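Take a look at the structure set out below.
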Amino acid sequence: MKKLNIFRVYLDDGRNAFRVLVPATDAKDAAKWCEGNGDVIAVKQNTRENCDLVDIDLEHLAETLQKNAWGQDEIDVITRTLSRVGLERLR
Numbered sequence: 011m012k013k014l015n016i017f018r019v020y021l022d023d024g025r026n027a028f029r030v031l032v033p034a035t036d037a038k039d040a041a042k043w044c045e046g047n048g049d050v051i052a053v054k055q056n057t058r059e060n061c062d063l064v065d066i067d068l069e070h071l072a073e074t075l076q077k078n079a080w081g082q083d084e085i086d087v088i089t090r091t092l093s094r095v096g097l098e099r100l101r
């Protein structure tokens, strides 16, 4: 199984420059995900040291999803994926 990482992709759509966060296997895959949304200016891997998003409380998220009638299988897939990508809040 390929490991997913979070990448910051900087785009220019001709009017504005903006950043999106993309889960991908590598920088090339992250850039490909953004195709059609503007010119890719840069792609940088997100890490805990340069974090933009790394602090999701997965227990709280699971409880919230459960209270809103999400099934356990869906909750497991979402929380496990976020954990594998490294977005789980460290305690």
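Those letters in the sequence shown? Residues 11 to 101, per my numbering, in order.
We put the beta carbon where it would ideally sit given N, CA and C, even for glycine.
Bear in mind the structure is a predicted one, so any value in this text is a computation, not a measurement.
One or two residues paired with residue i in a DSSP bridge
i: valine 95; result: Answer is none; valine 95 lacks a bridge partner.
i: arginine 90; result: The partner list for arginine 90 (beta bridge, DSSP) is empty, contrary to what the question assumes.
i: aspartate 83; result: DSSP lists no partner for aspartate 83.
Where residue i sits in the DSSP three-state scheme
i: leucine 75; result: helix
i: leucine 14; result: coil
Distance between beta carbons of residue j and residue i, contact taken as under 8 Å
i: isoleucine 51; j: leucine 21; result: 6 Å
i: arginine 94; j: leucine 14; result: 6 Å
i: glycine 48; j: aspartate 83; result: Not a contact, Cβ separation roughly 36 Å.
| said: Please give me, in chain order, every unbroken run of the alpha helix (DSSP H) with length at least 4 that falls completely inside the region 24-73. | reply: Qualifying alpha helix (DSSP H) stretches, in chain order: 37-43.
| query | Contact between the region 34-43 and the region 72-89: three or more CB pairs below 8 Å? | reply | Judged by Cβ distances under 8 Å, the region 34-43 makes no contact with the region 72-89, as fewer than three pairs qualify.
| query | Is the number of C-beta pairs between the region 79-94 and the region 49-59 that are closer than 8 Å three or more? | reply | Verdict: no, contact absent.
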